[in-house]
Every structure is written in structure tokens, then in C-alpha cells.
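Participant: Numbering follows full-length UniProt numbering, in which position 163 of the sequence shown is assigned residue number 163; successive positions increment by one, without gaps.
Ideal placement from N, C-alpha and C gives every residue a C-beta, glycine not left out.
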Amino acid sequence: MRALAEYQLTTPLSPHAKPLPHFVFFADARKHLLRLCRILSLPCGNALLLGVDGCGRQSLAHLAAHIAETPLYSIRASSRYSPADFREDLKRVLRSLAADGKPIVFLLADSQIRDEQFLEDLVSLMVAGEVPDLFDSTEEEQLLHALRRLGPAPPTAEAAWAPADTLGLSCPGSESFAVASRLPDGCTPGGSKAERSRFAQLVRERFHVVLAISPVGPSLRSRCRQFPGLRSCTTVDYFDAWPREALLCVARHFCSAQPDLIAPDDISTLSA
1 MRALAEYQLT
11 TPLSPHAKPL
21 PHFVFFADAR
31 KHLLRLCRIL
41 SLPCGNALLL
51 GVDGCGRQSL
61 AHLAAHIAET
71 PLYSIRASSR
81 YSPADFREDL
91 KRVLRSLAAD
101 GKPIVFLLAD
111 SQIRDEQFLE
121 DLVSLMVAGE
131 VPDLFDSTEE
141 EQLLHALRRL
151 GPAPPTAEAA
161 WAPADTLGLS
171 CPGSESFAVA
181 SRLPDGCTPG
191 GSKAERSRFA
201 QLVRERFHVV
211 LAISPVGPSL
221 RSRCRQFPGL
231 RSCTTVDYFD
241 AWPREALLCV
251 ARHFCSAQPD
261 LIAPDDISTL
271 SA
């Protein structure tokens, strides 16, 4: 596993991909990486990474997505970043999913949650595969038009598609579309309920949410009560404090690049 992970670090996902963070692969990090890779390989696989800041949750999420050859999306939250901005980012990601049907990873860290509406929208996507009123009539039809280009759904999957209202969440409005003149060629106003259910199932299966949240304080408990899907639709991976062996491994790695400062073999003695 260590050799595979180190090879992946030297193999860019695409010519335009951002460089991955620098990693030191001690045993605990490899275990968390394996769990994340397993979660992202499953349909409807979502992860709730619990740990304090600086324990490597986001870095390992980037590497797991890289190993899975799955694009990872995240937001750039600023003081002016609003729920409306978050929904625009979600719409861009969902359009990408509808265009090629390939799995994607959406990473959201505790520090990026400027409004609890962010979590509500993500939980809605995990549970029902949709966010009520996220797309207007024109945007929804364009989305379904892109989905049709992927071809018909497999019969087994089509039989498994369930309307979102059976999952306990309200569905987007089903009013008729009166904007056919502004739709792309080949679009017809008013996508069928089966098409909407097909896209919702696609989102549930291939829109992988990774949440990096701190367990410190009452916010996690409050969020789990407010959004039950946060527990039922994610696999929890708890990041404990790194053990002494892990810290020594990191110290040896960085000191090996500066042998004049301290010999790597002397680190264990100095830290005793």
C-alpha cells in the first residue's frame, strides 16, 4: 500500500491537476487511506472524517480521490461566501456529473461551513439525490437533456430508482415548463418523473461527499440531531492523535533531507 501511494504521488491525474500535498506514509495514515479508498469505491459511499485540525483528513481525502482517479471538488469559502454561492458551486458539480456520469468527490471541511444550509444541502443530496428547488425549470431540463446523452439506464438500476418523496424529503416543484424556446435543440419541456428519479439515483451513487469535521464542542452533536442523514448516509472514520511512532516517522523523514542539522538515527534518543 505504501509503494502504491508513493507511486500515485508521482503520477499526476491530468496535466492540469493541482500538485498533491507532501505525505509521510506511517502506519496510521495508510490505514485511514485504505478506509477512504474503500468508501469511495462503493456506490453511495460517503465519509465523515472526525478529528482535530491538522491531523491530515483533507490531505488523505485528496490522495484517496487521486488513487480512485476521481476528480475532487471543494469550495473557496470567504467571509462573503453565502448559501447562494454554495448552491451555484453545487450546480456546477452536478452539471459535470450529468455530462459524463463519472463519479466525483465533494470535500467540505469544518472551517468552510459558513452556514448550516451547506450541510442541509449536502445531506439532501446524500439521502435523496437532489436539493429541492436547486435548479429552475430551464436548468433542470438542460440537466436532463445532458443525462439523456449518456444513453438509457441499465434495467436493473432503473428498477431500483425510487422517487425522492419516498425517502422523506420534498421534491422540487413539478410545474410544467413553459420555456421551450430557450432550451437546447432536442430538449422537450417537462422531464419525466422517471428521468428525474434516474438523475437522483445517479447523484446518490456517484456524488461522494467527504466531510472533515471536528468532534470538539457541541456542534457535531447538534448537527447529527438536526441532520440524521449525517449519520445514516456516511461511514465515520475517527482520526485519533497520531502516536509517537508516527511523529518519529515524520521527524526522520524531514531530518533525512538535512543531515547536518541532526542525524535521523538520533531523533529517537532526543525525543525520549
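Where D28 and I113 are concerned, what is the direct C-alpha to C-alpha distance, given to the nearest angstrom?
Facilitator: 27 Å
Participant: Measure the alpha-carbon distance for L107 versus V209 and round it to whole angstroms.
Facilitator: In this structure, the alpha-carbon of L107 lies about 6 Å from that of V209.
Participant: Could you give the distance in angstroms between the alpha-carbon of L202 and the alpha-carbon of T234?
Facilitator: 17 Å
Participant: Among R35, A77 and L125, whose alpha-carbon lies nearest the alpha-carbon of R206?
Facilitator: L125
Participant: Beta carbon of V127, beta carbon of L40: below 8 Å?
Facilitator: no
Participant: Which residues bound the alpha helix (DSSP H) around S74?
Facilitator: That residue, S74, is in no alpha helix (DSSP H); its beta strand (DSSP E) goes L72 to S74.
Participant: Any chance you could list the alpha helix (DSSP H) runs of at least 4 consecutive residues sitting entirely within the UniProt domain "Dynein heavy chain AAA module D4" (197-256), in chain order?
Facilitator: 219-226, 229-232 and 244-255
Participant: Please report how far the alpha carbon of L48 lies from the alpha carbon of S192, in whole angstroms.
Facilitator: 34 Å
Participant: Taking L34 as the reference, which of P43, A65, D53 and R231 has the closest Cα?
Facilitator: Sorting P43, A65, D53 and R231 by C-alpha distance to the C-alpha of L34 places A65 at the top.
Participant: Could you check which residue in N46, L50, P243 and E139 has the C-alpha nearest to that of V216?
Facilitator: Nearest C-alpha to V216: L50.
Participant: How big is the Cα-Cα spacing for S197 and G129?
Facilitator: Approximately 9 Å, taken between the alpha carbons.
Participant: Tell me the rounded alpha-carbon separation between E133 and R95.
Facilitator: In the sequence as displayed, the identity of residue 133 is Asp instead of Glu. In a straight line, the C-alpha of D133 is about 15 Å away from that of R95.
Participant: If contacts are defined as beta-carbon pairs under 8 Å, then L147 and F227 qualify, I think. What distance do you get, rounded to the angstrom?
Facilitator: L147 to F227, Cβ: 27 Å. No contact.
Participant: Using a threshold of 8 Å, state whether the C-beta atoms of A98 and L60 are closer than that.
Facilitator: No, these two residues do not count as a Cβ contact at 8 Å.
Participant: Using alpha carbons as the reference points, say which of G54, K102, A194 and R231 lies closest to L150.
Facilitator: K102
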